[in-house]
Every structure is written in C-alpha cells, then in structure tokens.
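A short worksheet on the structure shown next.
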Amino acid sequence: MIQRLLQFLDNSPVNFLAARNIADILRENGYRELDSRQPMPEVKAGDRFFVMKNASSVYAFHIGKQPMDRTGFHMICAHCDSPTFRIKPNAEMLTEGGMVKLNTEVYGGPIMSTWFDRPLTIAGRVILRGEDAMHPRTALIHVRRPLMQIANLAIHFNRQVNDGVALSRQKDVLPLLGVISNQLEEDSLLMNIILEELNREQKVAQEDILDFDVYLADATPACTFGAHNEFISSGRLDDLSMCYAALEALLASPTTDTTKVMAIFDNEETGSQTKQGAASPFLATMLRRIVIAQGGGEEEFAQAVERAFMVSADNAHAWHPNYSEKYDPTNHPMLGGGPVIKFNAAQKYASDAFSAAVFAEICRKAGVPSQRFVNHSDVAGGSTLGNILASSLPLAGVDMGNAILAMHSCRETGSTIDHIYCVKAFTEFYSI
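What follows is the structure, given as structure tokens:
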C-alpha cells in the first residue's frame, strides 16, 4: 500500500497529472467517464462513473441500491493542488554569460526556503491548436529529470542568513534553467524543452502551442525513512495522500444501499473560488442531476443532502518535537497516532461534536485509533474544504486528515502506518 502511494506521488507532481492519474485508475477499475456537457444517462444501482472539470478535478460516483433521497450519500472530498511556483508567460530571463533564469510566481503558500538548492523539474498542461478557436487540444507534460535549481546566495555575501532572511517572491526564488549554447536557443530554451517532452507522445510544432499552465516540482522521488521506515518523505503529501487514500477506499468498498461520492477538488491552496474548486456549484449540480436521473426532483435532492455525510480530508499538523510550545497543550496529534479530527471554535473546520463522534466511531469499527487537533489559542489556523463546501451544499460532515510535519514545505513528512489507518477508516465509511 505504501509503495502504491509513493508511486502515485511521483507520478503526480501537479494537479493536472494527479487528476489524470486518478481518472486512469478509476477507468482501470470499471468506472466510466461521463461528459458533463451531455445529458445524464439512466442511473441504476451499482453504476460507477466519474466526471472531470478543467482536467484538474475529479468527481466519482458509485450508485447505491437505494435512491439518494432515502439514504443520502457518503462523500470523501480532498484536493489535488499543492503550493508551488507557476511559470509566468514570457518567462525566460537572459543574464550575463548566457545564463537563463525563469520568471515565476508563487502558487499558494509554500515554505519558500525549502525549494532552494534542490533539483527541480516542470510539469503541467499545454494548450495546443485544435479544430477551431473554441476547441483547442490539451497535452500534459512531466519532465522526469532534474531540470533547474533555485540557488541560495553564499553565506559569505549574507552573514545573517542563519538568523532568518526575508525572501522576495520576485527576486530570490527564480530558478536557473541553463546556459544557451547558440543564438537559436535565445528566448526559446524553455519552449524547446516543452516541445521535446510533447514530441515523446505526439508530433507537435511550436506554432501549435497556444499557452500553458506549467509549474515547478521537486525532482527527487518520494521515499520512506526512519529506523523502521516508519516515515514518508515527499512533496504534496498535503493533500495527495488523502486523495489516494480516498481512491483506494472507494475501489475496495462494495455496492451498498448508500451512494458513494469521491470529490477531488482543485485550487484549495488559493481559496477554492474557481469552477473546479470546492466553492463551485459544480458538485451540487452533478448530485442534483443524479437525483433527477433516479426519478426525483428538488424535494428528493434536498432530502439526499440532509441524509448525507461528508468527510473533508485534508492533512493536519503533527506535533513537532522541536517546537512543542506552538501546539495546544492537550490536543496535539502525533505521527503514527491515526486519523486526526480537526476542531475550530471560529468554524474554520466543519467538525462539531456530532460529526466528530460519527467519524471516531467509524475509526473504532475499522480497528483504527483517532486523534484530535485544536490550534494553540494564540495561533491563527487555516481553513479547508469542509466549511467552504458546506456554505453551498449544507452537508453534515467532519474535517480530518493525517498528521504531517513541515506542511507546505517542498518535502513534507508523514507516517506510513497513518496512511494504512486512513485507508481502513475510509473503506469502513464507504462500506456502511
């Protein structure tokens, strides 16, 4: 199970590739892809299908034996985006000696210093000319070799570096791509790399490239470490580990009376306010269409929502042995201690006593321990998917996740046993 997770992490450096990989696994396991632009087909018990939005979010449905208005639905939602750096248009910046650096902008809230002095690559999607202006084609790329690096300034020029340095998002985090070897490469070094990668799969001319959404990614593979290989080191554990746990549980669970839903959103790290984010009405529209395809209407849809339960799966902060003062004195989850239920008095999380009790009991039935997380009262916490989704789709639900260290670092640290625990808990939830 851990090796499958590591492989998924390595193959999913950005949101588009994560969504593509999830879709491919769903297809391999009998899920058919529907086009949301087409009429909803007849829906019957046992049907398994999925839809995508923007090629960066995935919504999978396993239809239960009973109509949704009678049993509701059980949903796990997570997000496939992670903090990184987006390559800007006209990105190449030629400097002395023919050295080329790339102009980037920050996506989300990364710990920027963790991206320095490590091999990086690029991944994302490229938009290609299609049959007409309204129907361009999309190709995904992932350069699987170290391609660039963001270099630190030597300590000899910055003696205060170990005392903390304020980093400029425009100046300090621009990666070095290479040195141009001839006049033909000037202003086209990055495009040559993109073209080379595209031409591994299909013949593409440079004039066919209309635009791209391409991001930086860590080029070092995910791995386990520790005296007993009890830890996971990887980028994007937040939140791809939750995406993959939900996927494995969905595929492992049988057809039950209740419809199962897996919603993998995009753009959580930038607030979810996009058509493929948790604040979008897209998921609610799809659920309404399924209810209608089962012979129901608005009343039946409202009943389905009222009977539903949502697990908002986004990772939690593990207790750090070097910084115990940063944590709540009685509610600080440990690596290896099981899934973490997250609470916040300001309602930044969807959890309340009812939903927490439900999920804790699901964990108990699965033979899995559970933990609680509450922020230190002097430390402001972030929000996640649960309350954002509930503002447009009023679901009972819980916010939870596995405990990790160094959240939003280029490489985060998690626990191998926690991933196994989480898959067991999710499978139990989907099997009810």
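Going by my numbering, the sequence shown opens with residue 1059, and the numbers climb by one from there.
Note that beta-carbon positions come from the ideal geometry of N, C-alpha and C, so glycine has one too.
Checking the DSSP bridge columns, you'll see residue 1455 partnered with 1368. Around the C-beta of residue 1381, fewer than 16 other C-beta atoms lie within 10 Å, and the residue is accordingly described as exposed.
Residue pairing for residue 1199: DSSP places it in a beta bridge opposite 1182. In this structure the segment 1127-1136 lies against the segment 1360-1372, because at least three pairs of beta carbons, one per stretch, are closer than 8 angstroms. Between residue 1255 and residue 1199, the CB-CB gap stays under 7 angstroms.
Short of 7 angstroms from the beta carbon of residue 1404, and not among the five residues preceding or following it, lies no beta carbon of its own chain.
Judged by pairs of C-beta atoms under 8 angstroms, the segment 1190-1197 does not touch the segment 1080-1087, as fewer than three such pairs exist. The bridge partners DSSP lists for residue 1429 are 1398.
Within the DSSP secondary-structure output, residue 1162 pairs in a beta bridge with 1145. Taking a contact to require three or more Cβ pairs closer than 8 angstroms, the segment 1408-1421 and the segment 1477-1487 qualify as touching. Looking at 1415, 1141, 1397, the one whose alpha-carbon comes closest to that of residue 1474 is 1397. Here the alpha carbon of residue 1212 sits roughly 28 angstroms from the alpha carbon of residue 1463.
By the C-beta density criterion, residue 1388 is exposed, having fewer than 16 other C-beta atoms within 10 angstroms.
The closest CA to that of residue 1470, considering only 1294, 1358, 1352, is found on 1294. Taken through DSSP and simplified to helix, strand or coil, residue 1264 comes out as helix.
The C-alpha of residue 1472 lies about 15 angstroms from the C-alpha of residue 1279.
By the C-beta density criterion, residue 1410 is exposed, having fewer than 16 other C-beta atoms within 10 angstroms. In the displayed model, residue 1207 falls within a strand according to three-state DSSP. Rounded to whole angstroms, the gap between the alpha carbons of residue 1415 and residue 1373 is 19 angstroms.
Inter-residue distance for residue 1156 and residue 1236 is about 8 angstroms (C-alpha atoms, whole angstroms). For residue 1120, the secondary structure class from DSSP, reduced to helix, strand or coil, is strand. Only exposed fits residue 1353, as fewer than 16 other CB atoms lie within 10 angstroms of its CB.
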